[in-house]
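Residue numbers for the sequence shown follow this note's numbering, beginning at 63 and rising by one. Where a beta carbon is used, it is the ideal one built from N, C-alpha and C, also for glycine.
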Amino acid sequence: MSTPKVIDIHVHIGGPGDSGSGCRMSNEFIFSPAFGGMLISLRATPFDVKDEKIKEIILNAIDASEKVDYAVLLALDRVYKNGRCIESESHLVVPNDYAINIANINKRVLFGASVHPYRKKKEMIDEIKRCIDNGAVLFKW
Numbered sequence: 063m064s065t066p067k068v069i070d071i072h073v074h075i076g077g078p079g080d081s082g083s084g085c086r087m088s089n090e091f092i093f094s095p096a097f098g099g100m101l102i103s104l105r106a107t108p109f110d111v112k113d114e115k116i117k118e119i120i121l122n123a124i125d126a127s128e129k130v131d132y133a134v135l136l137a138l139d140r141v142y143k144n145g146r147c148i149e150s151e152s153h154l155v156v157p158n159d160y161a162i163n164i165a166n167i168n169k170r171v172l173f174g175a176s177v178h179p180y181r182k183k184k185e186m187i188d189e190i191k192r193c194i195d196n197g198a199v200l201f202k203w
C-alpha cells in the first residue's frame, strides 16, 4: 500500500498583472487588510508585488515543503452579476490560464479553477469544460 499524499487544497496566488499574466489587484485590494496579510504570509515588501516575484516566493515555499506533497493553486474569476462582468468589484483576479500555466511547469502544483456562477450560462459551461480539460482538480465558486 502506498503512503497517502498530503495536498494543501487552498493556496492563493495573485499579482498586479505586470508580466502579462492577466492578474489584477485593484487599489481597494492594495489598501486592504488582505493585502497586508498577503505581504506578511509571503514575507514580502510592497516592492516585491510583481507577478514573477510572487510566483517565485509561492513556488519556492511549495517546493521546499517537507509536509505537503502537492498544492492546489487557486484561480480567482472576476465578479459577475446577471451574466455581466463587474470589473469595479473584481478586486483580485487570477485567470484560470495563469494557474494552468503554473501547474504545467511545476509537478507539485495542481490547478484549482474558478468560474463565477453568474457568468452567462453557455460561457460558464464552456469555461468549466475547458478547465476540466486542462486538469482542474477542483472549482472554487
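Judged by pairs of C-beta atoms under 8 Å, the region 92-110 does not touch the region 127-137, as fewer than three such pairs exist.
Beyond the five residues adjoining it in sequence on each side, A175 comes within less than 6 Å, by CB distance, of A137, N158, C193, A198, F201 in the same chain, given in chain order.
A distance below 8 Å between beta-carbons, with the five flanking residues on each side excluded, links K115 to the following residues of its chain, in chain order: A106. Using a Cβ distance threshold of 7 Å, Y132 and R170 count as a contacting pair.
When C-alpha distances from I75 are compared across F173, I69, R181, the shortest belongs to F173.
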